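As given, the protein sequences belong to chains L, B, H and G, one line each in that order.
Position 342 of the first sequence, counted from 1, bears residue number 342 in UniProt numbering, the numbering being contiguous throughout.
Position 47 of the second sequence, counted from 1, bears residue number 47 in UniProt numbering, the numbering being contiguous throughout.
Position 239 of the third sequence, counted from 1, bears residue number 239 in UniProt numbering, the numbering being contiguous throughout.
Position 195 of the fourth sequence, counted from 1, bears residue number 195 in UniProt numbering, the numbering being contiguous throughout.
Where is the CB? At the ideal position from N, CA and C, for every residue including glycine.
Small disclaimer: the values here were computed from a predicted structure and weren't measured.
Protein chains: 4
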Amino acid sequence: MIQAGIIGGTGYVGAELIRLLSNHSKVKISGVSSVQYNGKSISSIYPGFYGLQEIACESQQEVVEKSDLIFIALPSGLSQSIVENAVYKNKICIDMGADFRFKNEALYKKWYGKTFLKHKLHEQSVYGLPELNREHIRKAQVIGNPGCYATSVELALLPLISEGLIEEEGIIADCKSGVTGSGKNLTESSHFVNCNESFTAYKVANHRHTPEIEETLSSVSKKNVKLTFIPHLLPINRGILSTIYATPKKAIDLERVHEKYREFYKNEYFVKVLPLGEVSKINNVRLSNYCHISLHYDEENNKLIIISCLDNMMKGSAGQGIQNMNIVLGFSEKEGLAALPAVF
Amino acid sequence: MIQAGIIGGTGYVGAELIRLLSNHSKVKISGVSSVQYNGKSISSIYPGFYGLQEIACESQQEVVEKSDLIFIALPSGLSQSIVENAVYKNKICIDMGADFRFKNEALYKKWYGKTFLKHKLHEQSVYGLPELNREHIRKAQVIGNPGCYATSVELALLPLISEGLIEEEGIIADCKSGVTGSGKNLTESSHFVNCNESFTAYKVANHRHTPEIEETLSSVSKKNVKLTFIPHLLPINRGILSTIYATPKKAIDLERVHEKYREFYKNEYFVKVLPLGEVSKINNVRLSNYCHISLHYDEENNKLIIISCLDNMMKGSAGQGIQNMNIVLGFSEKEGLAALPAVF
Amino acid sequence: MIQAGIIGGTGYVGAELIRLLSNHSKVKISGVSSVQYNGKSISSIYPGFYGLQEIACESQQEVVEKSDLIFIALPSGLSQSIVENAVYKNKICIDMGADFRFKNEALYKKWYGKTFLKHKLHEQSVYGLPELNREHIRKAQVIGNPGCYATSVELALLPLISEGLIEEEGIIADCKSGVTGSGKNLTESSHFVNCNESFTAYKVANHRHTPEIEETLSSVSKKNVKLTFIPHLLPINRGILSTIYATPKKAIDLERVHEKYREFYKNEYFVKVLPLGEVSKINNVRLSNYCHISLHYDEENNKLIIISCLDNMMKGSAGQGIQNMNIVLGFSEKEGLAALPAVF
Amino acid sequence: MIQAGIIGGTGYVGAELIRLLSNHSKVKISGVSSVQYNGKSISSIYPGFYGLQEIACESQQEVVEKSDLIFIALPSGLSQSIVENAVYKNKICIDMGADFRFKNEALYKKWYGKTFLKHKLHEQSVYGLPELNREHIRKAQVIGNPGCYATSVELALLPLISEGLIEEEGIIADCKSGVTGSGKNLTESSHFVNCNESFTAYKVANHRHTPEIEETLSSVSKKNVKLTFIPHLLPINRGILSTIYATPKKAIDLERVHEKYREFYKNEYFVKVLPLGEVSKINNVRLSNYCHISLHYDEENNKLIIISCLDNMMKGSAGQGIQNMNIVLGFSEKEGLAALPAVF
């Protein structure tokens, strides 16, 4: 059994990793670290794990020491030194935050206010979107797990961008996420009374996933991909639905575009291109690692509309982390991720 | 006291009209018609009205007869003959459905599959958006109350369209509505388990409010306004939030645009242009007749983002109907509509 | 116009009082105090009030000075000295907290850990349940507005207790409340993700409303009324539903009990005894000041089941405060409270 | 691989069985029947299964023929003849409905209006509560899977009833269930707008699970166990929480009662007796087969309060069906059921 540790195991991403790893047939949780809950059992924080997963939180060093592979689920900026140390000790690192998502330090600095500690680590690290980078992930030692919104927008646009079928500029991504996306911290915006029966946008055209998406898609396109990205907060626990508006360079035949998507994702188990006429819907991917993509065309206005959805804690975070782990360790990609969606 | 009747009083729009009229100081409910519940008390359908509003449903003729003004809250296509008869008897008609929203019969026919029964009625009727047509409403005998999505998009765009500040084509309206918008009927999409904890788009680029919005804005612009409109279903009871993407014809200064909005709506009690930096949010208009508009600019991509929200049963339907009634009857526009939003 | 001030105006009870008073025809809000938001507009805290209610927060003294009547919406223990001062200045006080709900200091001390500062004030104060104490309220200078759960349980049991129809001991009150009941503060239990799609009990058999209910009902019964009271947290914003189990002293005829309830509440506008066969339901009282009561009998086990529901922010708190204000000022009790429930 | 068929596979219980069986390592779904959807793929009804589980619905006969074991998920009254036929063909039957839950035909007839077709089948059938009947289940050919509410109440009371610690009469079970409990059919009470932000009781003291609970507990007690059972509808998809009030025969020590529960369930993987001080909560068992039980004592009133919760689709239905299948087939009881709860 591979020993996998979790640094920062008590936030939502950490807890979801624990939930998934607890049923993984080839990996054992070696340890979980938490500064805040050091010494406490994970079930004292998540009573649903009572009697099932009672591992006690330790220090980061202890966890790194015991592990073959570590997941790092910390606020951005805190992963770099941990990764440096772990790599030195020959551990594989999957960083769930933003520290290893960027190749462009200037972008990282502009949006996150931090610099790269050790450039070589960033050069070697791989952006962990398996549908784009599988072969690189296979050989990576440091993987930057993509952002939740970023995953949903990138998977929706990759087939179009890679073939240059749409204008690279002027793309609009109107995205909606459940509240787990903003984490375990108590904030005004996650207070039940403030989000229940309500809905709003936030960080309008100013969300940190914008540069991540643009960098990833530009690297595929070889052109400068630009998008207006607006996230909204849905009064639900889990799920992201992204409605994306793109302008085809010339008039399209939706059926042909659909075929291209099918072809592009034909070997991708976790991306389902829905039949034409169907619409992606959050409850159809809930609690699963699948991403649904539906395609629509407003011929009158020559707008291609791509609607993608996924579970932000799964394909948008911990599930994708496990998928990356399976790849880097040479397991079947589905291992521990095969559960059907909980459609109700 | 003016006698107001409601034709089709047992659907959600009818019930909301009853709720509002029950506390209107200058109008009395003369009667309520229902084919399905003829003879039954409205409180047997909505037990919350028990002991408060016990009026029994009658036939349409009886209601028209007793009323000075009638609200018609029927599925589209059923209002025309009722209006014809009521006008003949000199009653004022506020049609809550789509039959009198269009001047262009071809559009109406294309999207609703019906023809105009009596063209003169349609010529004389007024589209009941007070912020656009107040003076015409004042003298109208037949008012076509706007659609809920249409109200939210039109109010958001009127200041820009009327000054020609944005490209008239290529506008995108990504709209999200609560479930009351789809009415009282039992459908798969309004089954609790299907929409709770979920979210999806529907009628993608194919919703009947599209031509209504385009016709209204084009009449203001004198140019052909075209938009891609995609509605989504929120797991909440009430509220619409529309995120609208428009391309300024030339680079703009957001503060100046904001001032124009303030100026445009300075005498409009029910439209609140939020301070720059604020974002419209559904719970801030819930159970009220207000429409909130917030303005944002993605300079990088030259996209102006207008976010408007309102309560679909109030400013989006029954509340606006009451506002129109107040105007046509010469009352203060706020009469019966002054309640502050229920912010929680 | 009467000048009414609100001490502690920025919590949920304060905000609901502001919402209601803003549309009261005979009372004007003289001032609102807040330690935390001193100098800030109430609309900066509740943006739904933007452009409608922009009063700025002041000090407690300033508010008391300007007011004929004050509502005090502070955590328990903080009202006594304010009331003492205000009474000295001849103001009427309606305390929304627990400080003036008890006659028995020992009980107050046991459950709230505080003592009575000035016993005479407590002797003169009146427990503000209009259906029980209307005549005393009319002449009161200090009114202790009842707790939300307490109101729902007391109204449900008063007719039975006053006639001695049920065993005074062994009553069970299984109560369920929406999240506004726990206020505006950010807590683990009010984090969206923790209560959405969940449900639990809290303070099991140990909630502070227990002694309030027992003292009130015992004072009516002249016997020692004892109950097991268990509150639960519903994933909704507003509303309390109490399912109460009582043992009739002898076999009963449900229709006769129902008649007694009807008789008991025949002059009470805000208490609706539902027809036999109906069941109280939270959406039927939402956003209104009504209390619905339904009666059921499990003959097999000789248990009378009384189900009452109300909106915890209205009849359970601010609405009842306004009702008490109307009584003490000699207005119609319905003034400002006549809105029909928002049944959806 | 064992071949398992599902008769009535398109309702919620059927769909949940499909979700669980799709990841069971020792069982294959042989077929699914549906009268309504004959010939259609299960993914056309549940689009979340698209690309994952595409089995087409067949006739009941076809499914029985291909299967070693069948689950029957039909409305009550329709299982008996199917079971008779399947038993004749030597298949194992797990009936998810009520037809095989009763030994007492009179009770079944009183509450379900049907008679036993073949008495011998009912005599041989086993009530499928593993914690009570594991040894009988092991050898059964026909298993009556318990009701959801019944499971939650029985597991909560078994330790007390089996030792005679509480009064057998006068037990109160105040139960709350999510909306999946009322199934896939479109009804007024499952319309989103009617249950969202609301809460109510239904079938007050008149629910069909009452006799099931009483029969089961009486068979353990050897005395006549009687309870008042009131179900309520929670605005959530999944989960049941039961608050149960029992009267100890003599004063108790809660710690000793707690120890008895621990002892009683020490070998039961799916029943977790929480530490004293903790309270059962629905999100701690969501999407899992666990039942949480917490214990509380109101010493003042000598009431023992037992709060149990489970996921009504899992331990309350399909999960328990799989558990029974594992037992009867000699597999580990956890097979296919080991997932940790989705605590958010």
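Determine, for residue 284(G), whether the minimum Cβ-Cβ distance to residues of chain L falls below 8 Å.
If you number the fourth sequence from 1, residue 284(G) lands on position 284. For residue 284(G), the answer is yes, since a Cβ of chain L falls inside 8 Å of its Cβ.
To be precise: take each residue of the segment 325-342 of chain G, compare its Cβ to all Cβ atoms of chain H, and keep it if any distance is under 7 Å. Which residues remain?
none
Residue 187(B) touches chain H at which residues, Cβ-Cβ below 9 Å?
Indexing the second sequence from 1 puts residue 187(B) at position 187. Neighbours of residue 187(B) on chain H: none; closest Cβ ~15 Å, over 9 Å.
Helix or strand or just coil, what does DSSP make of residue 69(L)?
Position 69 of the first sequence, counted from the first residue, corresponds to residue 69(L). Here residue 69(L) sits in strand by DSSP.
Contact with chain H by residue 200(L), beta-carbon distance below 8 Å:
Position 200 of the first sequence holds residue 200(L). False, the Cβ-Cβ gap to chain H never drops below 8 Å.
Considering only C-alpha positions, which residue in the set 80(H), 37(H), 210(H), 75(H) is nearest to residue 107(H)?
For the purposes of this step, residue 107(H) is identified with residue 107 of the third sequence, where counting begins at 1. When each option's Cα is compared against that of residue 107(H), the closest is 210(H).
By the DSSP assignment, the alpha helix (DSSP H) with residue 82(L) in it spans what residues?
In the first sequence, counting from the first residue as 1, residue 82(L) sits at position 82. Here the alpha helix (DSSP H) through residue 82(L) covers 79-88.
Would the segment 321-330 of chain H count as touching the segment 117-134 of chain H if we require 3 or more Cβ pairs under 8 Å?
yes
If you check the beta carbons only, do residue 195(L) and residue 240(L) fall under 8 Å apart?
Here residue 195(L) is taken as the residue at index 195 of the first sequence, counted from 1. Here residue 240(L) is taken as the residue at index 240 of the first sequence, counted from 1. Not closer than 8 Å, so no.
Taking one C-beta from the segment 167-182 of chain L and one from the segment 259-270 of chain L each time, how about it: are there three or more such pairs within less than 8 Å?
no
Determine, using beta carbons only, whether residue 9(L) and residue 32(L) come nearer to each other than 8 Å.
As a first step, residue 9(L) is located in the first sequence; it is residue number 9 there, counting from the start. As a first step, residue 32(L) is located in the first sequence; it is residue number 32 there, counting from the start. Yes; because the gap between Cβ atoms is below 8 Å, this pair is in contact.
With three or more beta-carbon pairs closer than 8 Å as the criterion, would you say the segment 275-294 of chain G touches the segment 96-111 of chain G?
no
By Cβ distance below 6 Å, which residues in the same chain neighbour residue 168(G) in space, the five residues on each side in sequence not counted?
The residue you call residue 168(G) lines up with position 168 of the fourth sequence. Here the set comprises 221, 223, 225.
For residue 179(G), I'd like the list of residues in its chain whose CB is within less than 8 Å of its CB, leaving aside the five on either flank, ordered along the chain.
Numbered from 1 along the fourth sequence, position 179 holds the residue referred to as residue 179(G). Closer than 8 Å at the Cβ level, and outside the excluded window around residue 179(G), lie 190, 195, 233, 234, 235, 236, 237.
Taking 8 Å as the CB-CB cut-off, is residue 180(G) touching chain B?
As a first step, residue 180(G) is located in the fourth sequence; it is residue number 180 there, counting from the start. Chain B contact via Cβ: present.
Identify the residues that DSSP records as bridge partners of residue 200(G): which are they?
Looking up residue 200(G) in the fourth sequence gives position 200. DSSP output for residue 200(G) lists 281(H), 233(G) as bridge partner(s).
Which residues does DSSP list as the beta-bridge partners of residue 176(B)?
To locate residue 176(B), count along the second sequence from 1; it is residue 176. Its beta-bridge partners are 232(B), 241(B).
From residue 51(B) to residue 100(B), what distance separates their C-alpha atoms?
For the purposes of this step, residue 51(B) is taken as the residue at position 51 of the second sequence. For the purposes of this step, residue 100(B) is taken as the residue at position 100 of the second sequence. Rounded to whole angstroms, residue 51(B) to residue 100(B) spans 36 Å at the Cα level.
Would you mind telling me which residues of chain B sit closer than 7 Å to residue 51(H), beta carbon to beta carbon, in chain order?
Numbered from 1 along the third sequence, position 51 holds the residue referred to as residue 51(H). Result: 272.
Counting only C-beta atoms, is residue 232(B) closer than 8 Å to chain G at any point?
Indexing the second sequence from 1 puts residue 232(B) at position 232. No, residue 232(B) lies away from the interface with chain G (no Cβ there is under 8 Å from its Cβ).
Hey, quick one: how far does the alpha helix (DSSP H) through residue 345(H) stretch, first residue to last?
The displayed coordinates of chain H run from 1 to 344. Any statement about residue 345(H) would go beyond what the structure contains.
Does the distance from the CB of residue 13(G) to the CB of residue 242(G) come in under 8 Å?
The residue given as residue 13(G) occupies position 13 in the fourth sequence. The residue given as residue 242(G) occupies position 242 in the fourth sequence. No. Outside cutoff.
Report buried or exposed for residue 60(L), applying the criterion of at least 16 other Cβ atoms within 10 angstroms of its Cβ.
Here residue 60(L) corresponds to residue number 60 of the first sequence, with the count starting at 1. Flag for residue 60(L) reads buried.
Considering only C-alpha positions, which residue in the set 244(H), 294(H), 41(H), 34(H) is nearest to residue 149(H)?
Locating residue 149(H) in the third sequence gives position 149, where the first residue counts as 1. Nearest of 244(H), 294(H), 41(H), 34(H) to residue 149(H), Cα basis: 244(H).
Can at least three beta-carbon pairs, one atom from the segment 198-206 of chain B and one from the segment 250-257 of chain B, be found at a separation below 8 Å?
no
For residue 267(B), count neighbouring C-beta atoms within 10 Å of its own C-beta (all shown protein chains included) and say buried if the count is 16 or more, exposed if not.
Locating residue 267(B) in the second sequence gives position 267, where the first residue counts as 1. Exposed, by the Cβ-count rule.
So what does residue 161(B) bridge to, in DSSP terms?
Working through the second sequence from its first residue, we reach residue 161(B) at position 161. BP columns for residue 161(B) are empty, so no partner.
Under 8 Å between C-beta atoms, does residue 344(L) make it to chain B?
Locating residue 344(L) in the first sequence gives position 344, counting from the first residue. By this cut-off, residue 344(L) is an interface position.
In DSSP terms, what residue 95(L) is bridged to:
Locating residue 95(L) in the first sequence gives position 95, where the first residue counts as 1. 72(L), 144(L), per the DSSP bridge assignment.
Burial state of residue 312(B) (16 or more Cβ within 10 Å)
On the second sequence, position 312 is the one that residue 312(B) refers to. With 16 or more other Cβ atoms within 10 Å, it is buried.
Output yes or no for whether 8 Å exceeds the beta carbon distance between residue 246(B) and residue 295(B).
Here the question's residue 246(B) lines up with position 246 in the second sequence. Here the question's residue 295(B) lines up with position 295 in the second sequence. No.
Does any residue of chain H have a CB that is nearer than 8 Å to the CB of residue 190(L)?
For the purposes of this step, residue 190(L) is taken as residue 190 along the first sequence, with counting starting at 1. Yes, residue 190(L) counts as interfacial toward chain H.
N- and C-terminal bounds of the beta strand (DSSP E) containing residue 5(H)
Working through the third sequence from its first residue, we reach residue 5(H) at position 5. Note, residue 5(H): beta strand (DSSP E), 2-7.
For residue 150(H), go through chain B and note every residue whose CB falls closer than 9 Å to its CB, in chain order.
Mapped onto the third sequence, residue 150(H) falls at position 150. Chain B residues near residue 150(H): none, gap ~21 Å exceeds 9 Å.
N- and C-terminal bounds of the beta strand (DSSP E) containing residue 272(L):
Translated into positions along the first sequence, residue 272(L) becomes position 272. Counting along the chain, the beta strand (DSSP E) containing residue 272(L) begins and ends at 271-273.
Go through its chain and collect everything with a Cβ distance to residue 74(L)'s Cβ below 7 Å, but skip five positions before and after it.
Residue 74(L) sits at position 74 when you count from the first residue of the first sequence. Excluding positions up to five away in sequence, the list reads 7, 8, 97.
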